[in-house]
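Some notes on the structure that comes next.
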Amino acid sequence: MNCNGCQHLDEFKKEHGTEPYRIIYSHFIVCKSADARRRKANQCICYVCRLYAPRLHACMSCVYIGCYGRGHIHEHAYKKEHYLAIDVCYGVIHCFACQDYVYDKELEAIARASTPKLPLGVGIKMTFLEWEPSDQEIDLLRRNSKRRRVEERSTIGLRGLINLGNTCFMNCIVQALIHTPVLRDYFLADKHNCNIHMNLNNNNQCLVCELSQIFQEFYSGIQAPHIPYRLLHLVWTSARHLAGYEQQDAHEFLIAALDLLHQHCQATNGNVESGRPHHCNCIIDQIFTGGLQSDVTCKQCNNVSTTIDPIWDVSLDLGPASPATNGSHSSSLCSGYSNSPGNYDPTSLIDCLKRFTKPEHLGSSAKIKCSCCHSYQESTKQLTMKKLPIVACFHLKRFEHSTGYHKKIATYVSFPEELDMTPFMSSSRNNNNGYSLQVVQEAARSLSCENKYSLFAVVNHSGTIECGHYTCYVRQHKDQWFKCDDHLITKAMPQEVLNSEGYLLFYHKQILEYS
Amino acid sequence: MDQEMTETEEDITKSLYIDVMHEIIDEVTLGLCFEIHRAAKLGSLFLADTDPVYQKEHEIVDIPGVDVFGLVPTKKQVECICPNCQRNLAASRFAPHLEKCMGMGRNSSRIASRRSQQAAKENEVRSALLENGLKRESDESPDDDNDADWSYYADKRVKRLKKDKRSNSPRRYKNSKVKNGDHHAEKHERSNTPDLSIHSYEFMSIEERKSLLMATCGVISGHTKKMCTKSLRCPQHTDEQRRQVRQFLLGTSVITEDDDQIDIDTYDDGDSQSLRESLQWEAASSNSSPADSNSTTNSSGSKKRPPVKSSSSKSSSKKRKLKLDNGSSSSSSTLMASNQLSSLYDFE
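If you read the protein sequences in the order shown, they are chains C and U. Taken in order, the first sequence gives residues 1 to 515; the numbers are from full-length UniProt numbering. Taken in order, the second sequence gives residues 1 to 348; the numbers are from full-length UniProt numbering.
This is the structure in structure tokens:
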């Protein structure tokens, strides 16, 4: 409970101020320049041993450095009555009168101020600052000692959700969102400071607040299922097109929920920039928004026009390619895409992504005016990932709504626990050959984790297109999987998850950079 | 000699490496020591510790048949309060309730908004009722003109109202109220539909009725007051019901094979109970919203109904009813028919 040094330090500060500390700290402890480091290497030796020794201390009152191990700094302190000395490694002050290290807020602030923000030489962009509780927080934590932690074999963070009548689609999305690691960190760190209720004079209108509340419910340790009736009411009041007691599509709900959360975040932050609706720094955009690059190449002049669109999810086609695409491939361009899967059913997520990022020939019926040669020309279009989101949602289009008939495609599509998105990046785009197998193999061999993702939630649909049931698998605490079937939560094996049908797949980036 | 030199040099480099390594480890260890020491001084050292007993309570249970909390999955009924109307209701029925309550939904918004208006109106009526007790009777009498119950069971109704007043269950209240509220709409629908309604039967000749009943089931729905137009073997109705309806519509003359003349008024309660149930079932199976069902009136009616013995007051009320309905009608057979008809209605 003591961050105010000791009486000896106080006396010293009264007499000499804080300047001596600052000078010693900036010259001997942090050493910003190469010169300073050289000087430190030369001068930091015990004045008695004339050698470098561990735990050197610099006297705060005069120029003297002595080692702690052989007691040379002690000798100096008692002889000269210079009781205060600084550890040259970490800048901590030792008081020989109190015979202990002492900590002082004022001096710590000076130390922080003289420490450069970005460490030199090392490839880290930002230093990590540990959270420190304030006195008030310490007091609060002391009085409430029953702390919960998500440990291995702990059910904290798991909770069932009551089905309110055909609301399993909502329950699944809530489970997936609650188990999104970055979103969890955001909400459990109490980062959402809402002012919507002040603006609208209604304290129940913010969906972000409601989600925050649900996080509290999930981590409360209560084992009885949660009843998400307030969420349903809020979603229905906010998005009228979702309202109605009937079975709905989980994907549609996900997108609508993200959109609502995004809107409510914007309303809170008040940074609605007109004209740039998707350049928002709300938590939803930070986590879910990726950039999809679309390159249209003119067949006549090979001019490429590029657009980048923000996306929240990637919808992937299943089943055989549509006849129109088939036709164009068989005509002229097919030979170029011998590696590319196109005319057969994709059987894995990788296949789907290959198909998604494959150059597509826009036939003679869809001529586009080329901005370079100013004529309507046939062209090819290719989609690639320009920017990867932190959480990538893949939507397998299992529900086919083509003209005249609706059906569910139940094809088995395998998906990996770990996914590397490198081959589908815009930077991997190959103008001549389209998708190249080589890139995949290189990516698989490379040690870079930059574009690697791991699976953390899978939403499954069972039944037919008219009526069915949604269930969800979520990952918690590294490799533990749980099956969420409305109010029922049971343990699941990773293999069981990977063998499931899969409708929505949620992947999380493995490495996050400070930005 | 050279060899030895290089060996010693190598040794030196090696020992230097180790020295540097040790120094680094020492420094890092020291850093950790300072961190802990500082945390102890500031009092934040053991703050992050968890309660082992508590953690133990929240251990995952991985046994087949129970969930991760070790609980046996049961369909326990949980309740929640509707944020829209503040009513308490079963959580599993919240979504369908909310759709109606908010007047939303992809196809039912019009109906629901109408319903919510009525609910608001009814709320007023209800509070007035609670204040004024039986005053409701006089307030609502214009509404109840075509309610067969009304004239027939005027005395029972008082008791029923009292009972309604006592029970605060929202469900009971909702049903009875919606029935009353929907009266206008129902009447309207009936007059619009070209289907055979009971009133058209009244003006049919015996021959017309006969030919119709030769081909169709003909049981009169207690709910829609329409005849069933399915085949004679329609599974929704029993032969007993078909027999009754024929007896009622064609008069006693046709029923010759059954020598025991059944007077509907002297039915014993058990029989009418089963008939009532079957009529209710039919009402439920017909394509109408559950809110339209008048189960409250039915159940209370069946419970409250005393074993019917012939009584003069009743028949006089029947006649009054008839006059209201048919005005100038003087045919005795029609009189007979509508008498029986009104008693048939009472089975609801």
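Backbone N, C-alpha and C define an ideal beta-carbon position, used for all residues, glycine too.
Backbone CA spacing between residue i and residue j [nearest angstrom]
i: C/I390; j: C/F424; result: 15 Å
i: C/A113; j: C/C31; result: 13 Å
i: C/I368; j: C/I350; result: 30 Å
i: C/I138; j: U/G43; result: 8 Å
i: C/K452; j: C/K354; result: 16 Å
i: C/L498; j: C/C467; result: 24 Å
i: C/Y245; j: C/F356; result: 34 Å
i: C/T155; j: U/F69; result: 7 Å
i: C/L183; j: C/L177; result: 7 Å
i: C/V235; j: C/I214; result: 14 Å
i: C/T347; j: C/T167; result: 30 Å
i: C/H82; j: C/G157; result: 54 Å
i: U/F347; j: U/G222; result: Unreliable positioning characterises U/F347 in this predicted model, as indicated by a pLDDT of 40, which lies under 50. The coordinate reading is nonetheless provided below. One C-alpha to the other measures close to 8 Å.
i: C/K408; j: C/G319; result: 10 Å
i: C/S274; j: C/E15; result: Reliability fails at C/S274, whose pLDDT of 44 lies under 50, so the model's placement of it is uncertain and the value that follows must be treated cautiously. So the two alpha carbons sit approximately 57 Å from each other.
i: C/F482; j: C/A111; result: 47 Å
i: U/I18; j: C/V48; result: 25 Å
i: C/S385; j: C/H508; result: Reading the sequence as shown, one finds Met at residue 385 of chain C and not Ser. Cα to Cα, the separation comes out at about 16 Å.
i: C/R398; j: U/V72; result: 34 Å
i: U/V66; j: C/T490; result: 8 Å
i: C/C282; j: C/S212; result: 15 Å
i: C/Q71; j: C/A85; result: Per the sequence shown, the amino acid found at residue 71 of chain C is Gly instead of Gln. For C/G71 and C/A85, the distance between alpha carbons rounds to 13 Å.
i: C/D249; j: C/I311; result: 19 Å
i: C/Q43; j: U/L16; result: 20 Å
i: U/T229; j: C/H487; result: 45 Å
i: C/C6; j: C/L261; result: 50 Å
i: C/H401; j: U/N84; result: 35 Å
i: U/T8; j: C/A53; result: 24 Å
i: U/C80; j: C/A224; result: 14 Å
Contact set between residue i and chain C, taken where Cβ atoms lie within less than 9 Å
i: U/I60; result: E152, R153, S154, T155, L158, Q480, F482, K491
i: U/T6; result: Simply none; closest approach about 27 Å.
Supposed close pair residue i, residue j - CB separation, criterion 8 Å
i: U/D51; j: C/R143; result: With 8 Å as the limit, U/D51 and C/R143 do not qualify as a contact, their Cβ atoms being about 14 Å apart.
i: residue 518 of chain C; j: C/Q266; result: Any property of residue 518 of chain C remains undetermined from this structure, which presents chain C solely from 1 to 515.
i: U/V219; j: U/R242; result: 6 Å
i: C/F415; j: C/F456; result: Not a contact, Cβ separation roughly 12 Å.
i: C/L9; j: C/D104; result: 6 Å
Listed by chain order, chain C residues near residue i by CB distance under 8 Å
i: U/H240; result: First, the amino acid is wrong: residue 240 of chain U is Glu here, not His. Residues of chain C passing the Cβ test: none, with the nearest at roughly 36 Å.
i: U/D67; result: G160, L488, I489, T490
i: U/Q55; result: R148, R149, E151, S154
i: U/G31; result: C89, Y90
i: U/N88; result: Correct list: empty, because the minimum Cβ distance to chain C is about 11 Å.
i: U/L215; result: The residue asked about is misnamed: residue 215 of chain U is Ala in this sequence, not Leu. Simply none; closest approach about 35 Å.
i: U/P83; result: N204, Y229, R230, H233
i: U/E27; result: P54, C89
Contact set between residue i and chain C, taken where Cβ atoms lie within less than 7 Å
i: U/L98; result: L232, H233, W236
i: U/C80; result: I227, Y229
i: U/L71; result: Q223
Proximal chain U residues relative to residue i, where beta-carbon distance stays under 9 Å
i: C/T167; result: F94, A95
i: C/N163; result: A91, S92, A95
i: C/R142; result: G43, L47
Interface residues of chain U facing residue i [CB-CB closer than 7 Å]
i: C/R184; result: Per Cβ cutoff of 7 Å: no residues; C/R184 is ~17 Å from chain U at best.
i: C/E145; result: In the sequence as presented, Glu is not what sits at residue 145 of chain C; that position holds Ser. The answer, in chain order, is D51.
Beta-bridge partners of residue i, as assigned by DSSP
i: C/C44; result: Note: C/C44 sits in no beta bridge, so no partner.
i: C/Y245; result: In DSSP, C/Y245 forms no bridge with anything.
i: C/W481; result: C/R475, C/A492
i: C/V391; result: C/H508
i: C/N302; result: Bridge partners of C/N302: none, in fact.
i: C/G291; result: C/P310, C/K387
i: C/V459; result: C/C472, C/L504
i: C/C59; result: C/A85
Partners in chain U for residue i, counting only beta-carbon separations shorter than 8 Å
i: C/P133; result: S44, L47
i: C/Y103; result: R38, K41, L42
> What are the residues of the region 46 to 74 of chain C that lie near chain U, defined by any Cβ-Cβ distance shorter than 8 Å?
Replying inline: Along the region 46 to 74 of chain C, the positions whose C-beta sits under 8 Å from a C-beta of chain U are P54, R55, read in chain order.
>> Output needed in chain order: residues of the region 10 to 21 of chain U with a Cβ under 9 Å from some Cβ in chain C.
In response: none
>> Under 7 Å, CB to CB, which of the residues in the region 467 to 478 of chain C have a partner in chain U?
In response: none
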